[in-house]
Amino acid sequence: MSTTLPRLDAITGALLIGTWAGSLLYMAGLHQAAYYFRTFKDNWKLKSYVAIALALDTISALAQYACVYLYTVTHAGDLVYLTKQNLAVPLCFISSNCVGILVQSFLAFRYWRFTNNTIFVCFLFILILAAFGGGIYSALTIALFPAYRDRNKARISGTVYVVTQFSADVIIAGALVRELMMAKSMFKGQQRRINNMLNRMVLHTIQTGTVTAVIAVLAVIIFLIDDKTNIPVGLMYTCNRVYVLSMLTNLNVRDLGRPQDSTISGAASSSVPV
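What follows is the structure, given as structure tokens:
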């Protein structure tokens, strides 16, 4: 058996770069979280929901750091260890999936607040649950079959996870942008502050929905081309950070000069749920 180390760029290098990018986004998320908890007087249920998402994101970040540390420090140069995925990998998948389902559910509920379109929201939740199920199944498969040569066992579930996650992100973002644009037309020429807020909400929704969708598409393409590389995993390291930022920026976009509650009122009979 060869004792020469393989090129580590696509094995540990991709994971290391993923943790760097994830760390930057995590710090941005902490900044947004501090701003949210310090500024807004939302009810305890919403604040608890945000706190749980942050806690799960923190667990995911710690799992990513542990994964890279075990590969690059504790077991540096260990050829046998490099052929397996350590337990931090499925832990990261599970915590990331929990963050994803929380944030996507938050955005889907926000859409329902706009429209009361229960049938469409049920469809969104089918996609969200399919993505969650695919992610959890993939994590359990990795835990049971950690060797890289067995990664093909998670090929179908991993593809289902990423494709349904991508679909949910794009559809939720598109639906929200449509409703926000319709809300903008209602307030046109009436209240400049609300129009500015809606403009920011549209921009944030497009940006975050596009980013997570692009990450998911790149990850699944690379995974289908070569399921032995960790480049898709490194890309997905950043995904739940973007999810948390998406939720927090959508909460923080509200005007600071108004009493902070779950609704910003406009005309006498109109309101914009946030």
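For the sequence shown, the numbering used here assigns the number 275 to the last residue and increments by one with no breaks.
C-beta atoms are modelled at their ideal positions from N, C-alpha and C, and glycine is treated no differently.
Checklist entry - Do three or more CB pairs link the segment 231 to 245 to the segment 10 to 25 at distances below 8 Å? => result yes
Checklist entry - Straight-line CA distance for V69 to Y82? => result Residue mapping note: residue 69 aligns to position 68 of the sequence shown, counting from 1. Residue mapping note: residue 82 aligns to position 81 of the sequence shown, counting from 1. Rounded to the nearest angstrom, the two C-alpha atoms are 12 Å apart.
Checklist entry - Are Q86 and Y149 touching if we call contact CB-CB under 8 Å? => result Against the sequence shown, residue 86 aligns to sequence position 85. Against the sequence shown, residue 149 aligns to sequence position 148. Yes, the Cβ-Cβ distance between Q86 and Y149 is below 8 Å.
Checklist entry - In terms of alpha-carbon separation, which member of T20, A174, T230 and L225 lies closest to I157? => result Against the sequence shown, residue 157 aligns to sequence position 156. If we check each option's Cα against that of I157, L225 comes out closest.
Next on the checklist: Quick check: the Cα distance between I127 and A169, rounded to an integer number of angstroms?
Outcome noted: Here residue 127 corresponds to residue number 126 of the sequence shown, with the count starting at 1. Here residue 169 corresponds to residue number 168 of the sequence shown, with the count starting at 1. The alpha-carbon atoms of I127 and A169 are separated by roughly 9 Å.
Checklist entry - DSSP state of K154, grouped into three classes? => result Position 153 of the sequence shown, counted from the start, is the residue given in the question as residue 154. Note: K154 maps to helix in three-state DSSP.
Checklist entry - Who are the Cβ neighbours of T142 in its own chain at under 7 Å, not counting the five residues just before and after it? => result The residue given as residue 142 occupies position 141 in the sequence shown. So the qualifying residues of the chain are K154, A155 and S158.
Checklist entry - Under the DSSP definition of a beta bridge, which residues are partnered with A148? => result Counting from 1 along the sequence shown, the entry for residue 148 is found at position 147. DSSP, once it has assigned bridges, lists K85 as partnering A148.
Item to check | Unbroken alpha helix (DSSP H) run spanning I60, endpoints | outcome: Locating residue 60 in the sequence shown gives position 59, counting from the first residue. Looking at the DSSP string, the run of the alpha helix (DSSP H) that includes I60 is W45 to Y70.
Checklist entry - What three-state label does DSSP hand P7 in the structure shown? => result Within the sequence shown, the letter at position 6 stands for residue 7. Residue state, collapsed to three classes: coil.
Checklist entry - In the structure shown, what three-state DSSP assignment does D170 receive? => result Within the sequence shown, numbered from 1, the residue matching residue 170 stands at position 169. In this structure, D170 counts as helix in the three-state DSSP scheme.
Item to check | Same chain, Cβ closer than 6 Å to T13, five either side skipped, listed in chain order | outcome: Residue 13 sits at position 12 when you count from the first residue of the sequence shown. Taken in chain order, the residues that qualify are Y72 and T73.
Item to check | Cβ distance (whole Å) where V163 is taken to contact A220 below 8 Å | outcome: Reading the sequence shown from its first residue, position 162 is the one you call residue 163. Reading the sequence shown from its first residue, position 219 is the one you call residue 220. Sure, about 6 Å apart at Cβ, within 8 Å.
Next on the checklist: Tell me the rounded alpha-carbon separation between W45 and I95.
Outcome noted: For the purposes of this step, residue 45 is identified with residue 44 of the sequence shown, where counting begins at 1. For the purposes of this step, residue 95 is identified with residue 94 of the sequence shown, where counting begins at 1. Near 26 Å, if we compare the C-alpha coordinates of I95 and W45.
Item to check | P7 Cβ short of 7 Å to the ligand SAM heavy atom set | outcome: With respect to the ligand SAM, the structure shown offers nothing to examine, as it has no ligands at all.
Item to check | Close beta carbons around L246, own chain, < 8 Å, minus the five adjacent residues each side | outcome: Taking the first residue of the sequence shown as position 1, residue 246 is located at position 245. Excluding sequence neighbours, L246 sits near L26, A29, G30, Q33 and T209.
Checklist entry - Straight-line CA distance for T230 to L6? => result Taking the first residue of the sequence shown as 1, we reach residue 230 at position 229. Taking the first residue of the sequence shown as 1, we reach residue 6 at position 5. One C-alpha to the other measures close to 15 Å.
Checklist entry - When we look at the beta-carbon of I223 and count the other beta-carbons within 10 Å, is it buried (16 or more) or exposed? => result Looking up residue 223 in the sequence shown gives position 222. Answer is buried; the Cβ neighbour count reaches 16.
Next on the checklist: Going by DSSP in three states, R111 sits in which element: helix, strand or coil?
Outcome noted: If you number the sequence shown from 1, residue 111 lands on position 110. Three-state result, R111: helix.
Checklist entry - What's the C-alpha gap between T99 and L57? => result Counting from 1 along the sequence shown, the entry for residue 99 is found at position 98. Counting from 1 along the sequence shown, the entry for residue 57 is found at position 56. Reading off the sequence shown, one finds Cys at residue 99, where the question assumed Thr. Distance between the alpha carbons of C99 and L57 is about 7 Å.
Checklist entry - Which residue's Cα is closest to the Cα of A217: T250, M183, D228 and T165? => result Walking along the sequence shown from the start, residue 217 turns up at place 216. When each option's Cα is compared against that of A217, the closest is T165.
Checklist entry - Do V212 and V243 have their C-beta atoms closer together than 8 Å? => result Locating residue 212 in the sequence shown gives position 211, counting from the first residue. Locating residue 243 in the sequence shown gives position 242, counting from the first residue. Taking 8 Å as the Cβ cut-off, V212 and V243 qualify as a contacting pair.
Next on the checklist: Looking at S97: is its Cβ nearer than 8 Å to the Cβ of S49?
Outcome noted: As a first step, residue 97 must be located in the sequence shown, where it is residue number 96. As a first step, residue 49 must be located in the sequence shown, where it is residue number 48. Contact: no.
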